[in-house]
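Numbering (our numbering) for the sequence shown: 190 to 593.
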Amino acid sequence: MAVTDAPGLKRKRNKDGTFREYWEARADLVKRGYRPSSIRLHYPVTPEGRLQLASRCQIQQAEMIAWASRGEHAAPSYDGSFKSLSRLFQTNEDSPFQTIKWNSRENILKSLVIIERTVGARNVGKVLGPDYKRWHASWGEPKVPGKSPRPWRAKHAIDTVRQLVSYGVTLGIEDCFRADTVLGKIRFKTPPARTSVMTADHVAAIRTTAHAEGFPSIALATVLQFELAMRQKDVIGEWEPVAEQTEGGIRFRDKRWVNGLVWSDIDDDMVLRKTHTKTGFPVEHDLKLHPTVLEEIGMVPVERRVGPMIIAERVDDTPYKNRKFTQRWRVVADKAGIPKGVWSMDARAGAITEAYDLGAAETDVMKSAGHKNRQTSARYNRGTLKQTSRVAEMRLAKRTENTE
190 MAVTDAPGLK RKRNKDGTFR EYWEARADLV KRGYRPSSIR LHYPVTPEGR
240 LQLASRCQIQ QAEMIAWASR GEHAAPSYDG SFKSLSRLFQ TNEDSPFQTI
290 KWNSRENILK SLVIIERTVG ARNVGKVLGP DYKRWHASWG EPKVPGKSPR
340 PWRAKHAIDT VRQLVSYGVT LGIEDCFRAD TVLGKIRFKT PPARTSVMTA
390 DHVAAIRTTA HAEGFPSIAL ATVLQFELAM RQKDVIGEWE PVAEQTEGGI
440 RFRDKRWVNG LVWSDIDDDM VLRKTHTKTG FPVEHDLKLH PTVLEEIGMV
490 PVERRVGPMI IAERVDDTPY KNRKFTQRWR VVADKAGIPK GVWSMDARAG
540 AITEAYDLGA AETDVMKSAG HKNRQTSARY NRGTLKQTSR VAEMRLAKRT
590 ENTE
């Protein structure tokens, strides 16, 4: 049956190999308020059942299009407000919002909700610098009095305001040209960079505790992140939404596991090859030069070295879901005596900092971390006493040499 015969039809596979069927409304119309957003379909897989299913989809599609054509539901247009600009940004086919990666889109949507709820009614062309500064300050306030400020919430929201205005400029909206000029003259206070560093001693403590607690995957993941300077999601993977029914891969509900390490990434010479998700930069690591990685791999039975390298023991032996890895890692870290301020994600920064401490060349650090430029690697360098001392010693030695 062709897609045109049953517009809006979606299929989702069940664990037993069967599938369930839905009619789904267009995402842009759902954002504009159309309901129902989806309808579960129950028709037999027979010629007659397929005709009934196609007919139902065609009826639902026609009702949706009719709803969209009515005046109050017509495509959004700019009325001068930030809310209308936000809706254009979310629904227009030419908007950069449509090509943003799913997880970044989720974060932007959170900021759009904040913007629409708090300043959505404000006229874009009449907002001045002090207004933007006041918004930024209010968005960063604690959720409740006495709690910590939320500087990252404020930063993400004001960054999203900039994105809205920039998109409005591409549409030729005069208000957005004015807003873009105003925003270009403002510098907002940025959240402080993280300074916590994971050390080799931290890693050793986590390894010992993870094995004692029966979670060897936590030990292996931490070692891989620290020794190979890899991002957490490049090690454990992530679950991306799957809009269309596709075959293959590891599935959980309507998501598919992607981007994590699999055992086949390691060849017979113990060289691990991985393309970094964020940069698309391919990196090779000779694991023979990383004894702690080899030790952890050696603890995994050969027959289990298939598929994802990091799996959730005691659950279902599949990759960790959502934040479950971070939660379990924190439990292990607490029992290992790791400071609360040191997070799993700090393993990568710890690796890069250690490399700089030892005097590694910037280009080598960049290649090892999968960065495309040295400036990015430098941001991960959480400069330690060793680095400042080495500079001081070199300067002092030169002065001593000149006085002799």
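We treat Cβ as the ideally placed atom computed from N, Cα and C, and that holds for glycine.
As the structure is a prediction and not an experimental result, all values here were calculated from the model.
Taking only beta-carbon positions, decide if residue i is within less than 8 Å of chain B.
i, result
"Lys315", "Judged by its chain identifiers, the structure shown contains no chain B, having just a single protein chain."
Would you mind giving the Cβ-Cβ distance between residue i and residue j, rounded to the nearest angstrom? I have them listed as a contact below 8 Å.
i, j, result
"Leu483", "His474", "That pair is no contact at about 12 Å."
"Val424", "Ala410", "5 Å"
"Gly197", "Ala216", "Contact doesn't hold; Cβ gap of about 11 Å is too wide."
"Thr280", "Lys220", "6 Å"
"Glu416", "Asn448", "Their Cβ separation, rounded to whole angstroms, is 19 Å, which puts Glu416 and Asn448 out of contact at 8 Å."
"Ile500", "Pro490", "Actually they are not in contact, since the Cβ atoms of Ile500 and Pro490 sit about 13 Å apart, beyond 8 Å."
"Ala368", "Gly314", "7 Å"
"Pro493", "Ala418", "Note that residue 493 is Arg in the sequence shown here, rather than Pro. So it is not a contact: roughly 26 Å between Cβ atoms."
"Ser266", "Ser273", "7 Å"
"Ser385", "Val531", "5 Å"
"Ile597", "Ala393", "Residue 597 cannot be examined here, being either before or after the span of the chain that is shown, 190 to 593."
"Val596", "Trp452", "Not covered by the structure: residue 596. The range shown for the chain is 190 to 593."
"Glu502", "Ser406", "6 Å"
Under the DSSP definition of a beta bridge, which residues are partnered with residue i?
i, result
"Phe208", "Arg202"
"Trp256", "Answer by DSSP bridge pairing: none, since Trp256 is not bridged."
"Ile440", "The sequence given here has Arg at residue 440, not Ile. BP columns for Arg440 point to Arg445."
"Glu429", "Arg445"
"Leu461", "Ile455 and His474"
"Pro497", "Val451"
"Ser270", "Asn312"
"Glu213", "Ser227"
Ignore the nearest five residues each way along the sequence and tell me which others in residue i's own chain have a CB closer than 6 Å to its CB.
i, result
"Asn312", "Gly269"
"Lys529", "none"
"Ala257", "Leu218"
"Asp194", "Ala243"
"Thr464", "Pro471"
"Val192", "With a pLDDT of 44 at Val192, under the threshold of 50, the predicted position of this residue should be treated as unreliable, though the coordinate-derived value follows. Cβ neighbours of Val192 beyond the five flanking positions: none."
"Ala525", "Ala394, Ile395 and Thr398"
"Thr589", "none"
"Phe278", "Ser284, Phe286, Leu353 and Tyr356"
"Asp458", "none"
For the alpha helix (DSSP H) containing residue i, name the first residue and the last one.
i, result
"Leu417", "Pro405 to Leu417"
"His474", "Segment Pro471 to Asp475 is the beta strand (DSSP E) holding His474; no alpha helix (DSSP H) there."
"Arg342", "Pro340 to Thr359"
"His479", "Run containing His479: none; DSSP gives neither H nor E here."
"Phe514", "Lys513 to Lys524"
"Ser327", "Gly318 to Trp328"
"Thr398", "Ala389 to Ala401"
"Ala368", "Glu363 to Gly373"
Could you check whether the Cβ of residue i sits closer than 7 Å to any heavy atom belonging to the ligand SAH?
i, result
"Lys201", "Although the ligand SAH was asked about, the structure shown includes no ligands whatsoever."
Please work out which residues of its chain come closer than 7 Å, Cβ to Cβ, to residue i, disregarding the five sequence neighbours upstream and downstream, and give them in chain order.
i, result
"Val308", "Phe271 and Trp324"
"Asp443", "Lys201, Pro430 and Val431"
"Val350", "Ile304"
"Cys365", "Val313, Val354, Gly357 and Val358"
"Gly329", "Pro338, Arg339, Pro340, Arg342 and Ala343"
"Asp205", "none"
Could you pull the start and end residues of the beta strand (DSSP E) that residue i belongs to?
i, result
"Arg445", "Lys444 to Val447"
"Ile228", "Ser227 to Leu230"
Once the 5 residues before and after residue i are set aside, which same chain residues still bring their CB inside 8 Å of it?
i, result
"Tyr232", "Glu210, Gly238, Arg239, Gln241, Leu242 and Arg245"
"Phe208", "Arg200, Lys201, Arg202 and Gln434"
"Asn292", "Glu427 and Glu429"
Take every Cβ of the stretch 509 to 526, pair it with every Cβ of the stretch 387 to 406, and state whether three or more of those distances are shorter than 8 Å.
yes
Is it a yes or a no for the stretch 321 to 335 touching the stretch 369 to 383, going by three-plus beta-carbon pairs under 8 Å?
yes
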